[in-house]
Ligand code: ATP
């Protein structure tokens, strides 16, 4: 492999709080190791459209506390085709980029994996997504901040729920994964947590509402967006006619879960992963994702991170049920 002189960094897919801390760490670690750094704006779209900017230490100062991504992110159909990736490769060559750090989710890593198989350019991935759904790492950047946002929002919803004695179905993000739902549900004391990994979640909510009919208290039912019934509106539509005695409301937390200043934990994780990505490239590593397992940095082959499924911890599911109002569903 050619001696490393210049690297590029970009963010791709959905934005997540802490991406800026990762950009900053990659830039600073690279410069402090004698490398030059370019930022690619708007992900693979910018790679194809030649949207490159130089990054120095000052460019990334004052961004660690900012949500979103200063490099912006995008989704690119063109990059899914060989011709798009060829254009992107030509631009990387034009800018004399020797290696690339991609901050994103499994889609972004699939693109990186494909491109490095077709062309002579090494990629290292940093997991950045609020969903925490990537295999090979305990945490992805943005997850902790999103959890805190959800907990703060649900605490507020609980104030109004208890004042009116209402039942709230609150929908949280996570796509096909229940990491945000199970963790935030435990943290805010949700009475029921509905996750996509388990079947018959509607029965869990139904049996809770039957039990609840005997007393008269407000409740929070947390619904992960990817459950088989659809989402919080669909669940409420099924259950409202069955329980006419209850005042049922729906709240979709939506995009507020992606925004905001990153938590201290996300900033530290992003900084560690950013520096580790540069170190890996300097060690001539390629096609790996930087992960964090038991608080240690690990290297995970990109194709493993993409293809393998990360399960939600059974012990967390059992914990949620063991401390629920009426215990595990009967
Ligand atoms: P998030 O988890 O937040 O959605 P992501 O990285 O999974 O992030 P995607 O939209 O799936 O987000 O992927 C980002 C971009 O990566 C796509 O717009 C596309 O350009 C590229 N990409 C995704 N999958 C592939 C693939 N199989 N081949 C080539 N490029 C891909």
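In my numbering, the protein residues as written are 146 to 475.
Cβ coordinates follow ideal geometry from the N, Cα and C atoms, glycine included.
In this text, all values refer to a predicted model and were calculated from it rather than measured experimentally.
8 angstroms contact criterion, which residue i and residue j should meet: CB distance rounded
i, j, result
"residue 425", "residue 435", "7 angstroms"
"residue 187", "residue 210", "Wrong, their Cβ atoms sit about 22 angstroms apart, outside the cutoff."
"residue 444", "residue 430", "6 angstroms"
"residue 153", "residue 242", "5 angstroms"
"residue 451", "residue 251", "5 angstroms"
"residue 212", "residue 408", "Rounded, the Cβ-Cβ distance is 11 angstroms, inconsistent with contact."
"residue 353", "residue 471", "6 angstroms"
"residue 374", "residue 365", "Residue 374 to residue 365, Cβ: 18 angstroms. No contact."
"residue 198", "residue 207", "At roughly 16 angstroms, the Cβ-Cβ gap does not stay under 8 angstroms, so residue 198 and residue 207 are not in contact."
beta-carbon residue i near the ligand ATP non-hydrogen atom, thresh 8 angstroms
i, result
"residue 290", "no"
"residue 234", "no"
"residue 254", "yes"
"residue 259", "yes"
"residue 172", "no"
"residue 224", "yes"
"residue 249", "yes"
"residue 158", "yes"
"residue 214", "no"
"residue 276", "yes"
"residue 238", "no"
"residue 189", "yes"
"residue 432", "no"
"residue 167", "no"
"residue 307", "no"
"residue 220", "yes"
"residue 350", "no"
"residue 358", "no"
"residue 230", "yes"
"residue 161", "yes"
"residue 417", "no"
"residue 151", "no"
Environment of residue i [buried if 16+ CB atoms lie within 10 Å]
i, result
"residue 190", "buried"
"residue 438", "exposed"
"residue 202", "exposed"
"residue 248", "buried"
"residue 227", "exposed"
"residue 336", "buried"
"residue 328", "buried"
"residue 357", "buried"
"residue 401", "exposed"
Whether residue i touches residue j by CB criterion (9 angstroms)
i, j, result
"residue 129", "residue 172", "Here the chain has residues from 146 to 475 only, and residue 129 is not among them."
"residue 314", "residue 269", "no"
"residue 421", "residue 290", "no"
"residue 318", "residue 398", "yes"
"residue 174", "residue 338", "no"
"residue 307", "residue 363", "yes"
"residue 340", "residue 457", "yes"
"residue 140", "residue 149", "As displayed, the chain neither begins before 146 nor continues past 475, which places residue 140 out of reach and without an answer."
"residue 101", "residue 193", "Here the chain has residues from 146 to 475 only, and residue 101 is not among them."
"residue 370", "residue 403", "no"
ask   = Contact between the stretch 392 to 400 and the stretch 254 to 268: three or more CB pairs below 8 angstroms?
value = no
inquiry  = Could you check whether the stretch 250 to 261 touches the stretch 287 to 295, counting it as contact only if at least three pairs of C-beta atoms, one from each stretch, sit closer than 8 angstroms?
reply    = With the cut-off at 8 angstroms, the stretch 250 to 261 and the stretch 287 to 295 do not touch.
Given 8 angstroms, three or more beta-carbon pairs between the stretch 301 to 311 and the stretch 319 to 332 = no
ask   = Does the stretch 274 to 283 touch the stretch 213 to 230, meaning 3 or more C-beta pairs lie closer than 8 angstroms?
value = By the Cβ rule, the stretch 213 to 230 does not count as touching the stretch 274 to 283, because fewer than three pairs are nearer than 8 angstroms.
task = For the stretch 163 to 179 and the stretch 403 to 414, state whether three or more C-beta atom pairs, one from each stretch, are separated by less than 8 angstroms.
result = yes
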